[in-house]
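> Mind looking over this structure? Questions follow.
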Amino acid sequence: MKKLNSLAVLALSLLSLNVSAQSAADRFVDQLLSKMTVEEKIAQLNHPVIDAEADLETIRMQLRNSQIGSFCVTRSGQLTAELRNELQRIAVEESRLGIPVFFAFDVIHGYETIFPIPLAMAASWDEGLLREASHYAAMEAKSNGIDMGYAPMVDVSRDARWGRISESSGEDVLLNSRMGVAVVQGFQGEDLSAPTSIISCVKHFVGYGASMGGRDKQFTEISDRSLHEIYLPPFKACVDAGARAVMTAFNDISGVPASANPYTLTDILREQWHFDGVTISDWDAVIELINHGVVADEEQAAHSAFQAGVDLEMRSKSYEKYLKTLIDGKEVPKSALDEAVRRVLRLKYDMGLFENPYARVVPVDEDAVRSCARKAAAESMVLLKNNGILPLDDFQGKLSVQGPYAVNRDLFGWWTGNGDFDTAVPVYDGLVANAPDGIRIELGTNARQPADIVLVCVGESGGMFGETNSVSDISLSASQVALIREAKQTGKSVVTVIFNGRPLALEEIMPYSDAILMAWHPGHETGNALADVLFGKVSPSGKLPVTLPRRPGHIPMFYSDRTSGRPQENYYKYEDTTPLFPFGYGLSYSDFEYSALSLSDTVVEPGATFTVNLTVENTGEYPAKEIVQLYVKDLVASVTRPRKQLIDFRKLQIDPGEKKTITFDIDTDQFALYRAGEWILEPGRFEIMAGPDSEHTLSTEIIVKP
Ligand code: GLC
């Protein structure tokens, strides 16, 4: 333990000298940096993988030789707190300087307890709930030896064919920003060194969601305006919220790979945003610059990525192999190496790793975590259709549960954390456990004693979306459509529940479904949450974070597309080319009436703030939550603008007969557009719209004076 003491004592003694925490940290890092060899510095940028194939003996030797700075751990790596501490002890007690390492993992929507996938949590529009869920995930991960979560993924995603849309918060800039910040806050809390905090690594910087044709890791065409108005803002929101790591993406950005892009990684991220955390390449993204055709070999890949601003190299070894050569050859300045290593050491210092390098098990109230997961799953479900069959709160009789997701536990999405499928609550189990008196739950069909209501559970497996799982057809499979149709042909009421990771084209099942509930992949508490919604304990409040097109051929389709010279001609011949369900749409068991939209001012100075007021009344019979959405449209601008853009939203509980007045504080700077390298607020008329979704809105106007 002597080396830890020497480093720990150094860290603590600097603090005790009544120097400011900032200068104590800087002095600690500078003193440590001054003792390091070039090889030891380069090692801090080495981020290898612990997976099923990892050779732990080699890793132990490399730690002893100060050749590793941190680890990317995968599920198959089966990291435990014990293994982490065993490896950490070698780094701290047996290497020359005793610099601790950190361990990163894909904590995407839970660690041991799996929450709904990110796209589902986005459908809850509930930042507080996501923050709470992320905090629980951080607690579980930290106790298991994880120091960093590779999340949130804030890639604005507008192509339903792309499998990784499931990891995002959907098609909207603001929703990705706000939900991303909730994850950063839930992970990092108020104290990075707390035994309940992990570092947030925001990904994938930047523009991954624009992969051409929704095919994973395809090239992108992103204008500078779209880069600044659509793809960058969620990352800036997360950096401004204090995220201490950013992962660089696989894709190119209009020809310049994101993992070798000085414009985004240095000009924007470092110089404009003043990000002082670490950048980590995605898996092999550095040497994949060769495949991009922008470098000839790994040495050039190391040079290009490092010079652009990639600090840590995940999995590939080009830094380890060539950075010293590049420094000796004066192609990479030593000062640049020192800057990158300084950021890594500072992160480790702020994480408290020098004082507490070992995993500390913090008791987690697993009942509280499961309760949060159950609430999150219920709040993320979106009721798309209901002819009045739901809720089943006064139903008496037999409910038949059918379809491939009736008992399936494959409900954790593509990223499954460290979750144990065996402890998940599938649909049938949840319904049986929570059925009110008088409702009998039956699995499958019974021709002799047919059920009164049929619940058909369909969708896509976790392996049908996520990374490298893009598809050209987002329809439900023919067999699943047939299942729903046959259920309807029995003459019974049919409730269709869909377990999906991406927007699906559902036009075919509309005639056969009396109700349709989009449940996404809800995680551990699927069955209990579904019971809460179906039996009326919870009124569904989820709203779509993505547009649902009628047909796969209508993709890409998203609400904030730009105006055109002939909008009436933007259709496919012979087809209804409107969305089947628009962004922001979702039904409740109750009904809400919107009225009295008003502005504090109708003419304002540029840069002024104003308030938007409106009233929402629960005119139905159920207590319920409503997500009130506020949109803006720039009616005349120097460039074509989105038909509308979400600028704020509020989720609130309203009881039957209750009226609530909502006030939004809006800053006209939110109306700015990006042109010629800067944000510009152009004067003129702006339409302000408020409503329950992106299509059904009240409208008024405001003028921003020149
Ligand atoms: C993957 C993903 C990234 C993930 C990383 C580590 O390829 O692109 O999201 O965090 O590798 O697993």
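Numbering-wise, the numbering used here comes out as the position in the sequence shown, counting from 1, plus 353. Backbone N, C-alpha and C define an ideal beta-carbon position, used for all residues, glycine too.
Thinking just about the alpha-carbon of each residue, which of 717, 792, 759 and 783 is nearest to the one in residue 750?
Indexing the sequence shown from 1 puts residue 750 at position 397. Residue 750 has its Cα closest to that of 792, out of 717, 792, 759 and 783.
> Would you check if the distance between the CB atom of residue 982 and the CB atom of residue 1043 is smaller than 8 Å?
On the sequence shown, position 629 is the one that residue 982 refers to. On the sequence shown, position 690 is the one that residue 1043 refers to. Yes, these two residues count as a Cβ contact at 8 Å.
> Going by C-alpha distance, which of 424, 518, 912 and 565 is nearest residue 818?
As a working note, residue 818 is residue 465 in the sequence shown. Of the listed residues, the one whose Cα sits closest to residue 818 is 518.
> With C-beta atoms as the reference, is residue 807 less than 8 Å away from residue 753?
Here the question's residue 807 lines up with position 454 in the sequence shown. Here the question's residue 753 lines up with position 400 in the sequence shown. Result yes, Cβ atoms of residue 807 and residue 753 sit closer than 8 Å.
> Could you compute how far the alpha carbon of residue 463 sits from the alpha carbon of residue 562?
As a working note, residue 463 is residue 110 in the sequence shown. As a working note, residue 562 is residue 209 in the sequence shown. Those two C-alpha atoms are separated by around 22 Å.
> Ignoring anything shorter than 3 residues, give me the beta strand (DSSP E) runs that lie fully in the segment 698-758, in order along the chain.
Qualifying beta strand (DSSP E) stretches, in chain order: 735-739 and 750-755.
> Comparing alpha-carbon positions, which option in 466, 989 and 941 lies nearest residue 977?
Numbered from 1 along the sequence shown, position 624 holds the residue referred to as residue 977. Considering only alpha carbons, the answer is 941.
> Can you find at least 3 beta carbon pairs, one from the segment 494-503 and one from the segment 519-534, that sit closer than 8 Å?
Contact between the segment 494-503 and the segment 519-534 is absent, because fewer than three Cβ pairs lie under 8 Å.
> Using the beta-carbon count (16 or more within 10 Å), is residue 565 buried or exposed?
Position 212 of the sequence shown, counting from 1, holds the residue named residue 565. Answer is exposed; the Cβ neighbour count stays below 16.
> Does the beta carbon of residue 406 fall short of 7 Å from some heavy atom of the ligand GLC?
Translated into the one-based positions of the sequence shown, residue 406 becomes position 53. No, the Cβ of residue 406 stays beyond 7 Å of every heavy atom of the ligand GLC.
> Among the residues of its own chain, which have a CB less than 7 Å from the CB of residue 699, if the five just before and after it don't count?
Locating residue 699 in the sequence shown gives position 346, counting from the first residue. Excluding sequence neighbours, residue 699 sits near 378 and 382.
> When the Cα atoms are used, what is the spatial distance from residue 585 to residue 438?
Here residue 585 corresponds to residue number 232 of the sequence shown, with the count starting at 1. Here residue 438 corresponds to residue number 85 of the sequence shown, with the count starting at 1. About 37 Å.
> Within 7 Å: the Cβ of residue 636 and any heavy atom of the ligand GLC?
Here the question's residue 636 lines up with position 283 in the sequence shown. Checking every heavy atom of the ligand GLC against the Cβ of residue 636, one is found closer than 7 Å.
> What is the DSSP secondary structure of residue 808, reduced to helix, strand or coil?
Working through the sequence shown from its first residue, we reach residue 808 at position 455. In this structure, residue 808 counts as strand in the three-state DSSP scheme.
> Inspect the CB distances between the segment 953-970 and the segment 917-934 and report whether three or more fall short of 8 Å.
No, they do not touch.
> Where does residue 449 fall in DSSP's three states?
What you label residue 449 is simply residue 96 of the sequence shown in a count that begins at 1. Reduced to three states, the DSSP call for residue 449 is coil.
> In angstroms with no decimal places, state the Cα-to-Cα distance between residue 573 and residue 608.
Here residue 573 refers to the residue found at position 220 of the sequence shown. Here residue 608 refers to the residue found at position 255 of the sequence shown. Rounded to whole angstroms, residue 573 to residue 608 spans 8 Å at the Cα level.
> Alpha carbon to alpha carbon, how far is residue 767 from residue 906?
The count along the sequence shown starts at 1 and reaches residue 767 at position 414. The count along the sequence shown starts at 1 and reaches residue 906 at position 553. Spanning the two alpha carbons is a distance of roughly 25 Å.
> Which residues in the same chain as residue 990 place their Cβ atom closer than 8 Å to its Cβ, once the five residues preceding and following it in sequence are excluded?
Residue 990 sits at position 637 when you count from the first residue of the sequence shown. If we look at residue 990 and ignore the five residues flanking it on each side, its Cβ neighbours are 1026, 1035 and 1037.
> For residue 661 versus residue 635, is the C-beta spacing smaller than 8 Å?
Counted from its first residue, the sequence shown places residue 661 at position 308. Counted from its first residue, the sequence shown places residue 635 at position 282. Their beta carbons are not under 8 Å apart, which means residue 661 does not touch residue 635 by this criterion.
> In the DSSP assignment, find the beta strand (DSSP E) that holds residue 1020 and state where it starts and stops.
One-based indexing of the sequence shown puts residue 1020 at position 667. Looking at the DSSP string, the run of the beta strand (DSSP E) that includes residue 1020 is 1012-1020.
> With a 10 Å radius around its C-beta and 16 neighbouring C-beta atoms as the bar for buried, classify residue 328 as buried or exposed.
Residue 328 falls outside the range modelled here, since the chain spans only 354 to 1059, and no answer is possible.
> Taking the DSSP output, what are the residues bridged to residue 970?
Taking the first residue of the sequence shown as position 1, residue 970 is located at position 617. According to DSSP, residue 970 bridges with 946 and 1012.
> In three-state terms, what does DSSP make of residue 583?
Here residue 583 corresponds to residue number 230 of the sequence shown, with the count starting at 1. If DSSP states are grouped into helix, strand and coil, residue 583 belongs with the helices.
> Using only the heavy atoms of the ligand GLC, determine whether one of them is closer than 7 Å to the beta carbon of residue 820.
As a working note, residue 820 is residue 467 in the sequence shown. Checking every heavy atom of the ligand GLC against the Cβ of residue 820, one is found closer than 7 Å.
> Relative to the alpha-carbon of residue 473, which residue among 972, 895 and 740 has its alpha-carbon at the smallest distance?
Here the question's residue 473 lines up with position 120 in the sequence shown. Nearest of 972, 895 and 740 to residue 473, Cα basis: 895.
> Out of 1046, 992 and 1033, which has the shortest C-alpha to C-alpha gap to residue 1004?
To locate residue 1004, count along the sequence shown from 1; it is residue 651. Per the Cα distances, 1046.
> For residue 1009, which residues in the same chain have their Cβ closer than 7 Å to its Cβ, ignoring the five residues on either side in sequence?
The count along the sequence shown starts at 1 and reaches residue 1009 at position 656. Once the five neighbours on either side are set aside, the close Cβ partners of residue 1009 are 943, 971, 973, 974, 975 and 976.
> How about residue 347 and residue 486: are their beta carbons less than 8 Å apart?
With the chain represented from 354 up to 1059, any question about residue 347 goes unanswered, as that position is not in the structure.
> Quick one: residues in its chain with C-beta nearer than 7 Å to the C-beta of residue 1002, no 5 flanking neighbours on either side, listed in chain order?
Here residue 1002 refers to the residue found at position 649 when the sequence shown is read from its first residue. Excluding residues within five positions, the ones whose Cβ falls inside 7 Å are 478, 980, 981, 982 and 983.
> Going by DSSP, name the residue or residues bridged to residue 981.
Counted from its first residue, the sequence shown places residue 981 at position 628. Partner(s): 1003.
> What are the partner residues of residue 1032, as DSSP defines its beta bridges?
By one-based count along the sequence shown, residue 1032 stands at place 679. DSSP, once it has assigned bridges, lists 1027 as partnering residue 1032.
> Have a look at residue 559 and residue 508 and give me their C-alpha separation to the nearest angstrom.
Translated into the one-based positions of the sequence shown, residue 559 becomes position 206. Translated into the one-based positions of the sequence shown, residue 508 becomes position 155. About 7 Å.
> When the Cα of residue 431 is compared with those of 411, 407 and 674, which residue comes out closest?
Your numbering for residue 431 matches position 78 in the sequence shown. Selected option, being the one with the closest Cα: 407.
> Under a three-way DSSP split, which group does residue 998 fall into?
Looking up residue 998 in the sequence shown gives position 645. The answer is strand: DSSP assigns residue 998 an E or B state.
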